[in-house]
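What follows is one structure encoded as structure tokens, with my remarks underneath.
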Amino acid sequence: MSEVNSGVLDRKPEALLLLGPTASGKSALALELARKYPLEIISIDSALVYRGMDIGSAKPTKEELAAAPHHLIDIREINEPYSAADFVEDCVRLVPEIRARGRIPLIAGGTMLYAKALREGIDEMPTTSPEVREGVAAEAERIGWPAMHKVLAECDPVTAARLAPNDRQRIGRALEVYRMTGRPLSSFHRREPRPALPLVTAALVPSDRAALHRRIELRFDQMLEAGFVDEVKGLMARPDFDAESPAMRAVGYRQAIEYLEGKRTFEEFRLAGIAATRQLAKRQLTWLRSMTDVERVDPLEPGAFEKVEALLRRVL
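In this text, residue positions in the sequence shown follow this note's numbering: the first is 17, and each later residue adds one.
Written out as structure tokens, the structure is:
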């Protein structure tokens with residue numbers, strides 16, 4: 017282990033990182049903790065950063081936001097980028113500020129890429145030229161992204177194996193790097209973690225997958241009743257709307273756009289949104305199972321609050 021790594025890991029934990037799949041109860045548990053402890057909550061959610069994406073992202077209500085100071089919510093417009101590197105930079109700034117106020121930083125949410133970046137560090141990736149980007153885009157336009165995924169599998173099978181065939185942004189980026197450097201993107205990944213902060217990590221892992229699926233369906237229906245379709249309609253009317261932007265890749269939004277464009281019936285949209293949310297939860301659970309040095313807590317079992325509370329006490 018490097019001296020940098022050792023220095024971070026040997027320090028007293030400065031924040032609790034509370035992770036879990038969608039609809040597992042992270043927000044409710046965080047607010048319950050906030051009623052008992054002087055917390056400030058840092059959102060680790062790639063959709064909550066965007067203004068105007070409230071219902072479909074399950075953004076905290078005004079009452080919930082008033083229960084404890086929240087950070088990294090409503091900090092970007094829907095056409096503005098926000099990356100894992102931005103998140104790490106914001107956390108490295110916010111955690112000491114919160115502790116200096118005599119309060120406890122609780123980083124809560126479900127964007128696992130951000131969690132990985134915070135826990136392991138950000139890899140230094142090469143830049144690519146406009147010519148290479150345009151070449152990849154033109155080829156994709158000609159043969160389609162599933163075919164580009166096969167092209168990537170030939171030169172970088174490690175990266176291709178973890179990407180969906182229609183993940184145009186990441187497939188394109190991996191091919192750009194390979195064509196710019198002659199090296200697969202996976203070769204740039206750091207082998208040794210360099211945590212940005214000393215953390216205690218708790219993961220909510222429900223034991224009953226069917227119960228989680230019922231929660232997901234109920235929450236999606238509640239979003240629909242709360243006006244989710246009208247929210248997306250309003251976003252589509254904005255001059256900065258782009259259906260291909262990172263913001264619109266959030267679960268539910270793409271399916272709603274397809275419904276409003278007449279590509280799906282309402283019931284098809286509803287079922288597709290629920291299915292996509294279940295797939296997101298499955299991916300999140302896969303990430304959590306692969307993480308080391310994580311305290312796993314079943315949110316469906318009695319005593320879940322007390323178990324997370326005990327972990328929070330380690331950062332007091």
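The beta carbon of each residue, even a glycine, is placed where N, CA and C say it ideally should be.
In terms of Cα proximity to Leu64, the closest of Phe321, Gln185, Glu96 is Glu96.
In terms of Cβ geometry, Val174 and Ser202 form a close pair [threshold 8 angstroms].
Of the candidates His229, Ala326, Ser145, Arg135, Ser145 places its Cα closest to the Cα of Met196. Ala31: member of the beta strand (DSSP E) spanning 31–35, first to last residue.
In the DSSP secondary-structure assignment, Thr217 is bridged to Leu33. Beta bridge pairing from DSSP links Val313 with Leu220. Excluding the 5 residues flanking it on each side, Leu122 has same chain C-beta neighbours closer than 8 angstroms at Ala31, Leu32, Leu34, Ala46, Leu49, Ala50, Leu55, Glu56, Ile57, Ile58, Leu328, in chain order. Exposure of Ile159 is indicated by the presence of fewer than 16 other C-beta atoms within 10 angstroms of its C-beta. By the CB criterion at 8 angstroms, Phe282 and Gln271 fall outside the cutoff. For Leu88, there is no enclosing alpha helix (DSSP H), as DSSP marks it with neither H nor E. Within the model, the alpha-carbon separation for Ala83 versus Ala156 is close to 48 angstroms. Scanning its chain for C-beta atoms nearer than 8 angstroms, with the 5 sequence neighbours on each side dropped, one finds around Ala133 the residues Ala100, Ala101, Phe103, Val104, Ala212, in chain order. Judged by DSSP in its simplified three-state form, Leu296 adopts helix. Boundaries of the beta strand (DSSP E) around Glu56: 55–60.
Gly137 sits close to Arg210, with the two beta carbons spaced by under 8 angstroms.
Contact annotation, Ser223 with Leu316: C-beta distance approximately 6 angstroms; criterion of less than 8 angstroms satisfied.
Here Pro121 is bridged, per DSSP, to Glu56. By the Cβ neighbour-count rule, Phe204 is exposed, with fewer than 16 other Cβ atoms within 10 Å of its own.
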